[in-house]
Each structure stands twice: as C-alpha cells, then as structure tokens.
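Down below is the structure, laid out as structure tokens.
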Amino acid sequence: MATYFRRRSKIHLPITLSVSLMVLNVTLMICWIVVLSQRSLWGALTIGVLAFTLILAGLSAWLVLTLKEIGLNNRQANFVDSVTHELKSPIAALQLYLETLRMRHLSDEKREEFHGIMAHELHRLDNLISQLLEVGRLDALGDNEEPVNIEVSELLKQYAETACLHWKVEFEDVFTFETVPVVIRAKKIVLDLVFSNLIDNAVKYSGVPPQVQVSVKPHGRSRVQIQIANNGTGISPDDRKKVFQIFYRGGSELERRRKGTGLGLYIVNTLVKKSKGRIQIKDRQGGDAGCTFEVEFPDRIDPPPG
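Here it is, written out as structure tokens:
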C-alpha cells in the first residue's frame, strides 16, 4: 500500500509544477497584452503573444509526455510486482510439495495428487517464461517462417481443448462454436500465439460457470472475422484500448483476483497489427455480461467456384 501512495505522489509534482508554470505564463501574457496594447506597440505585442503561446504549448507537451512516462513507469513497476509473484508462487509450491514427498510416507493417491499439482505449477512457470521470451522477440517473430494455409476453426478448437485442460473444465460445458470452414494464408506461429492467448483469457476471465462463444466467418472480399466472447465481468470502455499496452493490467495489484503479467494482450495486438489485421473489444450481443474480442485477418483463401 505504501508503494502505491509513493507512485501516486510522483504524479502530483509534475502536474503541480506544470499547471503553476502555465498559469504564470498566461498571467504574464495577459499583462504583456494589456501594457503593449495601451502603448500601441503592435509589433512587440504580436511577437510577445507568439512567444508566450509557444512557451505554453511547450509546457503542455512536456506535461503530457511526463504523464505518459510516469504511467509507463507505474505499469512497469506493477509488472515487476506481478512477475515476482508469478515466479515465486510456483517455486514455493514446488518446494513445499517436494519437501512433503521426501519427509512423509504418502498413499499412492496422495502422491498422484501432488504430482498433478506440481505439473500444473511447472506449466504456469513455463508459460510465464515463454511470454517473457516472446515479448523480447516480437519484432522478428515469424520472419523466418513461410506462410501456410490454415483452417481457422480447427485451430481455435485445438486451443479451446487446451484451455479446458488447463483450467480443468469440460469442453462441451464451456464452449459454443458457430463457425464455417475458412482458410487463411498466414504464419502458424503468429496464429498460435494470438489464439492461444485469446482463448485462454476467455476461459480465465469467464463467469461461473464459464461460457465462451466462438464464431468464425468470412468478412469483406478477402478477410476472416473471429469473435471470442465470454460471460465474465467485461472490460470497461475506458480500458478497452489500454489493455493492449505493454504491462497494462486493469485495477490494483493488491485487489486483483486473477493472476497475470499484462503481456498477453500486448503480444496479441502486436502480432495482429504486424499481420495487417485488426483487433477490438466490443460488448456482447444482446447486452449480456462479458465482452467480445473481435479479430480480423487478411489473406482469406476461397475455394474455387463450382
């Protein structure tokens, strides 16, 4: 909590300083206008007003850039807090279960349960490390891979099954697919990262019981539109662009119920744009609770006529 207030206090100083300088600049400009207009010094008046206007614009730009930098620093600090927790939690759990297995004589059922938990924690750790590595190589990701023809619906179903195994839910109870066979030409590693993140997040942030609807359909002349909706709490309109920023996670780290790093949607957004696609967040149809991630990819391959 003390860290949170320290971060908040860092914002107050540049805002107070900038506003004070802006008020002083406006005051001096008004005085300049009054004095010189009374003396009919129109040339000096014009030059002075332009100078004060440029100073005011510079102060405004400085304030905006400073606030953006502070926001990025705060997101980075939240990211470090989150990653530290994400790294410590599975390591601590693995250490605890290993010590228990060494020190106690357990039944086969209990050992099997512990092994399953340890495998789950290792999976979490592996996912985190993979995300960190992916962010570092996003600019070059897929550059050495040739595009291939990919059937979108089948790929989505594969990742839906993987997400259900990860979150220990039944595929038939969670997912509803409304798809038509659509093939696009794309780099598979890119689609893998985009769809795995979106599908996993859809289950992760769903309500109880989780419900996820996936639709795939042709769009326009040569694009495909994929919609992934869930019945969670949704994302506020103010956060719908921010969630694609690196390190951004809505809410406070102290109050958040779901674990994560704020990297997944940044990876998704970067790869979609790199593929000349588009992604946006919408309300669910019918005004139901939750939200819909809508993704469009180019290079649809239509079957030959006849």
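Position one of the sequence shown corresponds to residue 1434 (our numbering), numbered consecutively onward. Beta carbons are placed, not taken as given, at the ideal position from N, Cα and C, and that holds for glycine. As the structure is a computational prediction, the values presented were derived from the model and not from experiment.
- Query: DSSP beta-bridge partners for Lys1706?
  - Reply: According to DSSP, which records beta bridges pairwise, Lys1706 is partnered with nothing at all.
- Message: What residue range does the alpha helix (DSSP H) around His1599 cover?
- Response: Val1585 to Trp1600
- Query: Under the three-state reduction of DSSP, which class applies to Lys1715: helix, strand or coil?
  - Reply: strand
- Pick from Glu1727, Leu1555, Val1636 and Ser1540 that is closest to Ala1525, judged by C-alpha positions: Leu1555
- Of all the options Arg1472, Thr1499 and Cys1464, which has the alpha carbon lying nearest to the alpha carbon of Val1452? Thr1499
- Task: Tell me whether Arg1544 sits in a helix, a strand or coil according to DSSP, three-state version.
- Result: helix
- Message: Quick check: Val1459 and Leu1489, are their CB atoms within less than 8 Å of each other?
- Response: yes
- Under the three-state DSSP convention, the category Val1647 falls into: strand
- Query: Helix or strand or just coil, what does DSSP make of Gln1564?
  - Reply: helix
- Got a sec? Which residues, its chain only, sit under 6 Å from Leu1571 by beta carbon, not counting five neighbours each side? Thr1703
- Flag this pair as yes or no: are the beta carbons of Gly1481 and Trp1465 separated by less than 8 Å? yes
- Is Ile1524 helix, strand or coil when you go by DSSP? helix
- Looking at C-alpha atoms only, which residue of Gly1653, Ala1573 and Val1616 is the closest neighbour of Pro1737? Val1616
- Message: If the criterion is Cβ atoms closer than 8 Å, does the pair Val1627 and Ala1596 meet it?
- Response: no
- Message: For Val1740, which residues in the same chain have their Cβ closer than 7 Å to its Cβ, ignoring the five residues on either side in sequence?
- Response: Any answer about residue 1740 is impossible in this case: the structure gives the chain only from 1434 up to 1739.
- Query: Does the separation of the CB atoms of His1652 and Glu1729 fall below 8 Å?
  - Reply: yes
- Report the rounded CA-to-CA distance for Leu1531 versus Ile1734, giving the unit in angstroms. 52 Å
- Message: Using a Cβ-Cβ cutoff of less than 8 Å, which residues in the same chain neighbour Asp1385 once the five nearest sequence positions on both sides are dropped?
- Response: The requested residue 1385 is not part of the displayed model; the chain covers only 1434 to 1739.
- Message: Among Gly1476, Pro1580, Leu1505 and Asn1560, whose alpha-carbon lies nearest the alpha-carbon of Pro1731?
- Response: Pro1580
- Tell me whether Ala1573 is buried or exposed, calling it buried when 16 or more other Cβ atoms sit within 10 Å of its Cβ. exposed
- How about Asn1663 and Ser1639: are their beta carbons less than 8 Å apart? yes
- What residue from Lys1543, Asn1582 and Ser1522 has the CA that sits closest to Leu1561's CA? Ser1522
- Message: Using CA atoms only, rank isn't needed, just tell me which of Pro1447, Glu1545, Ser1473 and Gln1660 is closest to Ser1586.
- Response: Gln1660
- Message: Let me make sure I understand the geometry here. Which of His1445, Gly1549, Ala1484 and Ser1708 has the alpha-carbon closest to that of Lys1601?
- Response: Gly1549
- Task: Evaluate Asn1506 with the Cβ neighbour count: other Cβ atoms within 10 Å of its Cβ, from every protein chain shown; 16 or more gives buried, anything less gives exposed.
- Result: exposed
- Coil, strand or helix - Ala1635 by DSSP: helix
- Query: Got a sec, what are the start and stop residues for the beta strand (DSSP E) Val1728 sits in?
  - Reply: Cys1724 to Phe1730
- Task: State yes or no: is the C-beta of Phe1680 within less than 8 Å of the C-beta of Leu1698?
- Result: no
- Could you pull the start and end residues of the beta strand (DSSP E) that Glu1605 belongs to? Glu1605 -> not in any beta strand (DSSP E); alpha helix (DSSP H) instead, spanning Phe1604 to Val1607.
- Query: What first and last residue would you give for the beta strand (DSSP E) that runs through Ala1619?
  - Reply: Val1616 to Ala1619
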